[in-house]
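S.K.: Before anything else, here's the structure in question.
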Amino acid sequence: MVCYWRNFYRLVPVTVAAGRTTSVGLDFRRSIGYFVTTPIFYVNAAPHIGHLYSALLADASNRWYILKHPSEKTLFVTGSDEHGIKDVFRHFNISNSDFIRTTEERHVKAVTAFWNKLLESGSIYKAKYSGWYCVSDETYYSEREIEDAVMPDGTKAKVSTSSGHKVEWTTEENYLFALTKYESKLRKWLQESGVVQPSYIHQFLMNSFHNISDVSVSRQRDRCPWGIEVPGDASQTIYVWFDALVNYLTAAGYPNKITRWPPDCQLVGKDIIK
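Heads up: the sequence shown begins at 1 in full-length UniProt numbering, then just goes up one per residue.
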């Protein structure tokens with residue numbers, strides 16, 4: 001799936017390369033002619049063909065731009081939690097500009113700064129959160145993402161429809177991102193022609209906006225001790241999916257001088273687009 005971001009609302013104000021803070025958020029920087037990204041691959045298992053497919057598409061897009069504009073600089077960003085996938089990309093001659101790992105100091109700095117910016121703007125708040133939680137997937141699932149199943153020991157349980165792993169109803173205090181605050185802006189962006197391709201994925205996203213709710217973006221540190229600690233709250237860990245999404249900002253230079261924002265094109269697997 002491809003996203004084009006030229007007309008997307010820049011939601012979070014930051015200081016950009018010229019030293020100016022915009023009222024609407026992140027600015028375009030023209031020192032980079034073309035900015036393309038892949039997902040940051042969450043490789044908690046062996047790398048698979050989907051990783052390579054996304055990277056090859058982004059590589060082809062980047063090379064095509066270079067052929068058309070040989071005098072301009074481009075930024076092609078990919079990344080992972082593991083070293084192994086870098087070897088795969090090298091074997092297939094994928095020429096990315098940057099490779100982000102979520103444990104890098106520059107990324108931790110970017111995540112912390114972005115978290116604080118969202119907290120200051122009222123886009124993150126602490127509250128009680130309840131839902132179907134899967135320990136092995138480290139994920140909360142909605143009612144439509146779980147089903148009844150019989151486990152190997154013969155007991156009945158609720159499981160994730162995507163992973164097949166057991167889920168349990170959990171209530172805990174953590175931080176939530178106020179997604180509902182941006183619902184109207186996201187809807188308007190999605191309704192613009194051509195921002196998400198192919199068209200059937202665009203329609204899938206539009207249908208996903210029914211019953212939208214705020215999203216949990218932290219986990220209690222006593223059961224999720226790895227990851228970046230929530231600034232000012234040692235009891236919480238920033239959730240890996242929030243952490244990983246900031247990698248695009250990290251590659252652009254955030255929270256220091258931003259060379260280019262937003263990306264022109266982002267390739268994302270349909271299973272993680274939401």
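Glycine is no exception: its CB is placed at the ideal position from the N, C-alpha and C atoms. Just so you know, these numbers come straight off a predicted model, no measurement behind them.
1) With a Cβ-Cβ cutoff of 8 Å, do Y129 and E183 count as a contact?
2) Looking only at C-alpha atoms, which of A60, I272, G79, R219 sits nearest to F204?
3) Measure the C-alpha to C-alpha separation of I32 and L75 and round it to an integer number of angstroms.
4) Quick check on F209: does DSSP put it in helix, strand or coil?
5) Are the Cβ atoms of V167 and S160 separated by less than 8 Å?
6) Confirm, please, whether the CB-CB distance from H107 to D137 is below 8 Å.
7) Answer yes or no: do Y175 and V217 have a C-beta to C-beta separation smaller than 8 Å?
8) With a 10 Å radius around its C-beta and 16 neighbouring C-beta atoms as the bar for buried, classify P263 as buried or exposed.
9) According to DSSP, simplified to helix, strand and coil, what is N247?
10) So the beta strand (DSSP E) residue 334 belongs to, where does it begin and stop?
11) What residues in its chain sit with their C-beta under 6 Å from that of A113, if we drop five residues either side in the sequence?
M.R.: According to the structure data:
1) If you number the sequence shown from 1, residue 129 lands on position 129. If you number the sequence shown from 1, residue 183 lands on position 183. Contact: no.
2) Translated into positions along the sequence shown, residue 204 becomes position 204. Nearest C-alpha to F204: I272.
3) Within the sequence shown, numbered from 1, the residue matching residue 32 stands at position 32. Within the sequence shown, numbered from 1, the residue matching residue 75 stands at position 75. Approximately 7 Å between the Cα atoms of the pair.
4) Along the sequence shown, read from residue 1 onward, the residue named residue 209 stands at position 209. Of the three classes helix, strand and coil, the one that applies to F209 here is coil, per DSSP.
5) Your numbering for residue 167 matches position 167 in the sequence shown. Your numbering for residue 160 matches position 160 in the sequence shown. Yes; because the gap between Cβ atoms is below 8 Å, this pair is in contact.
6) Residue mapping note: residue 137 aligns to position 137 of the sequence shown, counting from 1. Residue mapping note: residue 107 aligns to position 107 of the sequence shown, counting from 1. No, they are not a contact pair.
7) Translated into positions along the sequence shown, residue 175 becomes position 175. Translated into positions along the sequence shown, residue 217 becomes position 217. Contact flag set, yes.
8) Translated into positions along the sequence shown, residue 263 becomes position 263. By the 10 Å Cβ count, P263 comes out buried.
9) The count along the sequence shown starts at 1 and reaches residue 247 at position 247. Correct three-state label for N247: helix.
10) Nothing about residue 334 can be read from this structure; the chain reaches only from 1 to 274.
11) In the sequence shown, the residue the question calls residue 113 occupies position 113. Cβ neighbours of A113 beyond the five flanking positions: P255.
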